[in-house]
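Data block below; observations after.
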Amino acid sequence: MEYMTIIVMILFGIAYACLRERDRSRALACKALATSMAVTAGLYGAVQSQDTAGWLIVAGLALCMIADVVLEIRMVGGIGIFGTGHLCFIAAFWLKSPPTPGTLLLFLAIYVAVIGMFRHEIAGLDELKVPAFLYMAVLGFMVSMAVTSGWPTGGREGAFLMAGAFLFLASDCMIAWRTVKDIRQNAYGAILLILYYAAVYLIGSASWI
């Protein structure tokens, strides 16, 4: 029965994509409801495990659900809420396995790679420059923590946490690229939705699926 959340997430995601240009209010509701399925998956795992890390993941996913809506109304506010969600993920991964020197090295590699990718666009970010740099630092550290905690965790849980984190990184990089390049193709938007919803669901369901 718990796997029904995957189907419901897909349906709400499709509804969001269909309504986005026609009915913004309903589209945003569908977007949040799709992410709520990842929150539900996280709740299922947290109730089963009864550990603090599981509840921190639920908190992070809930913040992502809120940020989904806020981001399309006020971008800086949405970035801040997403960043806070990533801090919850970082805390959860920290409880599973504290950071190592490898965590820092991977973080630096991710951060430098992303900054390098957008080096020509940085000057045009204007008031988004500081939030973007801070958010990228938090996101990069979340991904590095997912790897260095997911690897020793092992099994399906570790693999799902690492995959979810990297898909989150890929999704956010594509969002940034679409924003600075003003890309409006529907196919690009569909790929973004698939990456994002896969990311949050993998993180939410890692402990039990």
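Taken in order, the sequence shown gives residues 260 to 468; the numbers are from this note's numbering. In this text, a Cβ means the ideal position worked out from N, Cα and C, and glycines have one as well.
DSSP-derived helix/strand/coil call for residue i
i, result
"T362", "helix"
"W467", "coil"
"I316", "helix"
"S403", "helix"
"A262", "The sequence given here has Tyr at residue 262, not Ala. Coil, per DSSP."
"R443", "coil"
"G413", "coil"
"Q309", "coil"
"F380", "The sequence given here has Glu at residue 380, not Phe. Correct three-state label for E380: coil."
"E331", "coil"
Sub-8 Å separation of residue i and residue j beta-carbons
i, j, result
"I349", "M404", "yes"
"M296", "V328", "no"
"I462", "G423", "yes"
"M401", "H345", "yes"
"A300", "T343", "no"
"L452", "G319", "no"
Spatially closest choice to residue i from the options, by CA coordinates
i, options, result
"G326", "F341, W467, L451, F419", "Per the sequence shown, the amino acid found at residue 326 is Ala instead of Gly. Cα-wise, what sits closest to A326 is F341."
"L354", "L426, S408, L270", "S408"
"A449", "I269, Y262, L364, M263", "I269"
"Y456", "C323, H345, A318", "C323"
"F419", "A291, F392, S466", "S466"
"T412", "F352, L451, L363", "F352"
"A293", "I316, W314, A321, L315", "A321"
Residue i CB to nearest heavy atom of the ligand HEM below 7 Å
i, result
"C277", "With respect to the ligand HEM, the structure shown offers nothing to examine, as it has no ligands at all."
- Query: Can at least three beta-carbon pairs, one atom from the region 299-307 and one from the region 328-337, be found at a separation below 8 Å?
  - Reply: No: the two stretches stay apart, fewer than three of their Cβ pairs being nearer than 8 Å.
- the region 377-392 / the region 421-431 touching (three or more Cβ pairs under 8 Å): Under the 8 Å Cβ criterion, the region 377-392 does not count as touching the region 421-431, having fewer than three qualifying pairs.
- Task: Spell out a yes or no on whether the region 276-285 and the region 309-321 are touching, meaning 3 or more CB-CB pairs, one atom from each, closer than 8 Å.
- Result: The answer is no - the region 309-321 does not touch the region 276-285, with fewer than three Cβ pairs under 8 Å.
- Query: Does the region 437-444 touch the region 390-401, meaning 3 or more C-beta pairs lie closer than 8 Å?
  - Reply: By the Cβ criterion, the region 390-401 is not in contact with the region 437-444, since fewer than three pairs of Cβ atoms, one from each stretch, lie closer than 8 Å.
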